[in-house]
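Q:
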Amino acid sequence: MPNAPDRVLFQRILFTAILLLLPFAVDALLGRGWLRIVDFAMLYIMLALGLNIVVGYAGLLDLGYIAFFAVGAYCYALADSPHLALAFPQLFPDGVHLSLLIVLPMAALLAGGMGVLLGAPTLKLRGDYLAIVTLGFGEIIRIFMNNLNAPVNLTNGPQGISRIDPISIAGVSFNATQRIFGITFPSVHLYFYLFLFFAMLVVFISRRLERSRIGRAWMAIREDEIAASAMGINTRNLKLLAFAMGAAFGGISGTLFAGFQGFVSPESFSLMESVMVLCMVVLGGMGHIYGVILGGLLLALMPEILRHSVVPLQQALFGKTIIDPESLRMLLFGIALILVMLYRPAGLWPSRVRRRELSTDEKTR
Amino acid sequence: MSLRFIPLLFAALLLSACGKSATDQASDQLTVRIGAAAPLTGPQAHLGKDNENGTRMAIEDANAKGISIGGRKVHFELVSEDDQADPKTATIVAQKLVDDNVSGVIGHLNSGTTIPAAKIYSDNGIPQISPSATAVAYTHQGFRTAFRVMANDAQQGHALGVYAVKNLGAKRIAVIDDRTAYGQGLADEFIRAATAAGAEIVSHEYTSDKSVDFTAVLTAVKAKQPDLLFYGGMDAQGGPMARQIRALSLNAKFMMGDGGRTPEFIKLAGDAAQSVYASLPGVPLEKMAGGTEFSRRYETEFKQPIQLYAPYCYDAVNVMIAAMQKANSTDPAKYLPTLANITHDGITAKIQFDGNGDLKGGAVTLYQVQQGQWQPLETIGGAATP
Amino acid sequence: MEIFLQQIINGVVQGSVYALVALGYTMVYGILGLINFAHGEVVMMGAMISLSALTALIGMGLSPLLALPLSLVLAIAVCMLLGYGIERIAYRPLRHAPRLAPLITAIGVSIVLQNLAMMIWGRDYHSFPQLFVNQAHQMGGAIINDIQLFIVIAAVCVMAGLMFVVHRTRLGRAMRAVAENQHAAQLMGVNVNRVVSITFMIGSALAALAGMMVSANYGLAHYYMGFLLGLKAFTAAVLGGIGNLRGAMLGGLLLGLIESLGAGYIGDITGGFMGSQYQDVFAFMVLIAVLLFRPSGLLGERLAERA
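Protein sequence lines correspond, in order, to chains A, B and C. For the record, in the first sequence the residue sitting at position 349 is 349 according to the working numbering, with numbers rising by one throughout. For the record, in the second sequence the residue sitting at position 151 is 516 according to the working numbering, with numbers rising by one throughout. For the record, in the third sequence the residue sitting at position 154 is 905 according to the working numbering, with numbers rising by one throughout.
1. Check whether chain C comes within 8 angstroms of residue 446/B, counting only Cβ atoms and requiring the distance to be less than that.
2. For a test of the three-state rule: what should DSSP assign to residue 623/B, helix, strand or coil?
3. Let's test the definition: count the other Cβ atoms within 10 Å of the Cβ of residue 731/B and tell me whether it reaches 16, buried, or not, exposed.
4. If the cut-off is 7 angstroms on Cβ atoms, which residues from the region 858 to 889 of chain C count as contacting chain A, listed in chain order?
5. If you draw a straight line from the C-alpha of residue 161/A to the C-alpha of residue 154/A, how long is it?
6. Enumerate in chain order the residues of its own chain whose CB-to-CB distance from residue 476/B is below 8 angstroms, with the five nearest sequence positions on each side excluded.
7. What are the start and end residues of each continuous beta strand (DSSP E) run of 3 or more residues lying completely inside the region 159 to 211 of chain A, in chain order?
8. Using DSSP's beta-bridge definition, name the partner residues of residue 437/B.
9. In the DSSP assignment, find the unbroken beta strand (DSSP E) run with residue 785/C in it and report its ends.
10. Determine, for residue 345/A, whether the minimum Cβ-Cβ distance to residues of chain C falls below 8 angstroms.
11. So what's residue 292/A in DSSP terms, helix, strand or just coil?
12. Answer with buried or exposed for residue 393/B, where buried requires no fewer than 16 other C-beta atoms within 10 angstroms of its C-beta.
13. Which term fits residue 847/C, buried or exposed, when burial requires 16 or more other beta carbons within 10 angstroms of its beta carbon?
14. Closest Cβ-Cβ distance between residue 969/C and chain B: below 8 angstroms?
15. When you compare the CB positions of residue 583/B and residue 623/B, do they come within less than 8 angstroms of one another, or not?
16. Can you find a C-beta in chain C that's less than 8 angstroms from the C-beta of residue 715/B?
17. Per the DSSP calculation, residue 877/C is bridged to which residue(s)?
18. Cβ atoms of residue 415/B and residue 675/B: under 8 angstroms apart, would you say?
19. At a CB-CB cut-off below 7 angstroms, which residues of chain A make contact with residue 464/B?
20. Nearest by alpha-carbon distance to residue 742/B: which of 645/B, 420/B, 711/B, 659/B is it?
21. For residue 1005/C and residue 610/B, I'd like the C-alpha separation in whole angstroms.
22. Against chain B, with Cβ distances strictly below 8 angstroms, would residue 754/C count as a contact?
23. Looking at the strands, I want to know which residues DSSP matches up with residue 15/A.
24. Of the choices 174/A, 105/A, 170/A, 179/A, whose alpha-carbon is the least far from that of residue 488/B?
25. Only counting the same chain, and skipping five residues up and downstream in sequence, which positions put a Cβ closer than 8 angstroms to that of residue 283/A?
26. Counting only runs of 3+ residues fully inside the region 491 to 532 of chain B, write out the beta strand (DSSP E) ranges in chain order.
27. Using 10 angstroms around the beta-carbon of residue 91/A, count the other beta-carbons present and answer buried if the total reaches 16, otherwise exposed.
28. So if I threshold CB-CB distances at 9 angstroms, which residues from the region 181 to 205 of chain A count as touching chain B?
29. Give the straight-line distance between the Cα atoms of residue 26/A and residue 445/B, rounded to the nearest whole angstrom.
30. List the residues of chain C whose Cβ lies closer than 7 angstroms to the Cβ of residue 327/A, in chain order.
31. If you check the beta carbons only, do residue 1034/C and residue 1017/C fall under 8 angstroms apart?
32. Considering only residues of the same chain and omitting the five flanking positions on each side of residue 671/B, which have a CB-CB separation below 6 angstroms?
33. Excluding the 5 residues preceding and the 5 following residue 537/B in the sequence, name in chain order all residues of the same chain whose CB lies nearer than 6 angstroms to its CB.
34. Counting contacts by CB-CB distance shorter than 8 angstroms, is residue 565/B in contact with chain C?
35. Please say whether residue 555/B and residue 534/B have beta carbons closer to each other than 8 angstroms?
36. Measuring alpha carbon to alpha carbon, tell me which residue in 242/A, 123/A, 197/A, 70/A is nearest residue 261/A.
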């Protein structure tokens, strides 16, 4: 029998191996379309983890989170496409083409800054008032992006920015099939590893934060802001920090999205997207990293799973397709959201601390 | 730790894989899949379904005809996907169609979904014909695989602008657009053409593709006393807008692009639809061989009138199949060059593509509502007009 | 001047619609502290049901004078049932759950209702039959028509009626008690579940009324119409101070006016740099500004944060 540390090590190696082999398994079993879905799921996990800092740790309800994703995406789109040549032909005759390694920190910083910008006027607001202001903020960002094609064509308005350069690091383009050590890596596989790396990074940072003084201060604010402030916690700075950190993660995710997609337009950043990310956090288990990952995976995959199972299921049951699969798919999705919340109101996989709070909460009310 | 959710993921993926099994027919028959992508849920679902219907009809017709390519009888199969009018979903759907080994794709509906999806089709060498994406950018990304059987914004906006000034004598023009890729693109081209033709743009207002109340912007327009109002947007907004124009007694001619030339518009606008102008790329269906027949059959089969782009989808499929027949191959790599140079008599126009994959000539027909019906007034441009 | 007056009228009409829907949000929020995100979809259901009932009744040869109220009553009845069901299934079991859980079920309910409507009524836009000549009235050069006039009057009447119910009746007293403290109210012999159910049913009845008026005014109904309307009405409720009936009315009217005046005059104010495309930005900016100075909305009381 291996002893405990060995088993942990073994588990970790196994886990890493599974993750590394995952794209090949998905490709072989289900096809590249599914791998693309998994790639998007990774982006959503990053988003959900970012929002988890704001909503899960600091307890600030944010309904405009997708704005930071948009900021990141537009950052990359402007910094890696021929688009700016239209607005500033003298300055950038061929557009701008910066390396991801420069754009990424830039986008994170910019998004973080926007987070502070959003946070500053809303410090006094609570609960649902905060929700509507953040919602408004998200819409404002989207509307600006949708309209800043005049007087200066900055975002190309509703047409969106196309011909964005694919991500490439150190001369290796992620858009083409690469052969490394004799193994062929198609483009979607490469993006998977890239996103995996950043998702892991976000998980790592989240975990460190969770157990740091900052993380505990956030949770104190979440539970009781007045008490927290009485204990000497600088609630203002910490709230702003939560907004900034969450926003920065959103910005990183957005940057990767723009490179992956090759096209950004304002319609990708609608309110519904913010709501979906919030659903991921709450459904998975607020404040619990693995719960949030589960929520992100489920919500990103579920509509696609339903898309592929609704018709065959009807075929099997009734021998023909009775109900239009598309409306049934979304219907089932809605029902699933309701059912999960009814039976697991704290999320599918809540953190232990949270669960304890809930049971005591029940008694005191 | 995190190991726990991995089996769950796999189970989920496997579950869905069961649905993937292909329905291959007998072996002497060649099954050729044609992909279709359009929003089948969400606010534009009615147009997406219309596209799917048009595509389906063409495929059923081709199967009924019994086409042989490369010496084998071909059975065409429709693979229809819902892109939810969302760019991200569009790329997923595109990749999925590629996985499903489609020989060509008819789609997508919107420019916003067509543009990102085009990259995936291009990477995999699969020809894509959009029946309805009109943004110029779509065919200007440098992809050999991107085609459309519809006049683009520049072609249509130009025709509309010139017609408004030259034929309708508009001097003071107001423009409203819905801030979508379609509405804004069309409105901008309209403005360019109208100003070039000598009219003045007295007001440019904006709304959204989800609004129902336009009284505020219409009142602002009224203050400028235009003699023509152009709306770049869809029928769902154009209909109520026409009503509100009348309610505010704004005395200006009202004009829309192809998004407004639908039976839906007349239904929604009610009495206010009378004498509204709109355009539709191509030649009037009833003037084309097989056009009237098509609309009659469409109505019998789907028990509703053609919404908008179904005839273009029908043409798109047929031109694709024609190229396959001419190249004597269903292999995308082999028939793609043939498709680029093909001449095909469709039901909306004589279809030929230019170097970008745009429709050559791009005839546009102007219509007006008279006695609750769209009546063709004049067909502008289009070297390919018969 | 006429143009300005016309913009005011536009704003008041649009604002009355927002107010009617916002009343539904605010009632539920006032009592449960819960954002009923599915409210917009109930409005949509009301519009769809009244429209199909109307079409069916007219088809049976009933006079419009009879068919109109009858279809409204039917829509109200169905929506009340719907409201009851939504509360019973999606919210009641979660009354003591973490605050965000009912938010997710509300989103789930929205998705379900939307897609159910799409299955029942299809993807097409439905046009509202033009039954009467919609008489237009001149007011100092500006124009207002019958339906619009009716919307404004109805909103005011509904508000007055609700105020009466909440402040002058036994039921109202029970509602206020539940809003104050559910447990204390229960101890005082108030049937909390019943009061909550009735609140939802009243809110849903208002939604049905709003739905029918919206579709009559704009001439169309569609399974997707509830989303944006719900969002705007929610904004209006917060602007006025959510949980406060008068606030909902004020917020609705204000939002309507801000939108129409914004659309009409942003261009002039900013010298043509921004136009009516920034209408919503303008509205949200006003909202944020208001909340900066009055963090609980214009008429909202300072309530302690609900856990």
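Idealized CB from N, CA, C, for every residue including glycine.
A: According to the structure shown:
1. no
2. helix
3. buried
4. 858, 859, 860, 862, 863, 866, 867, 869, 870
5. 10 angstroms
6. 498, 499, 500, 502, 503, 546, 547, 550
7. 178 to 180, 183 to 185
8. 434/B
9. Unbroken run through residue 785/C: none, as it is neither H nor E.
10. yes
11. helix
12. exposed
13. exposed
14. yes
15. no
16. no
17. 972/C
18. yes
19. 31, 32, 33
20. 645/B
21. 24 angstroms
22. yes
23. The partner list for residue 15/A (beta bridge, DSSP) is empty, contrary to what the question assumes.
24. 174/A
25. 295, 298, 299, 337, 340, 341, 347, 348
26. 493 to 495, 511 to 513
27. exposed
28. 187, 188, 203
29. 22 angstroms
30. 866, 869, 870
31. no
32. 660, 663
33. 565, 567, 591, 592
34. no
35. no
36. 70/A
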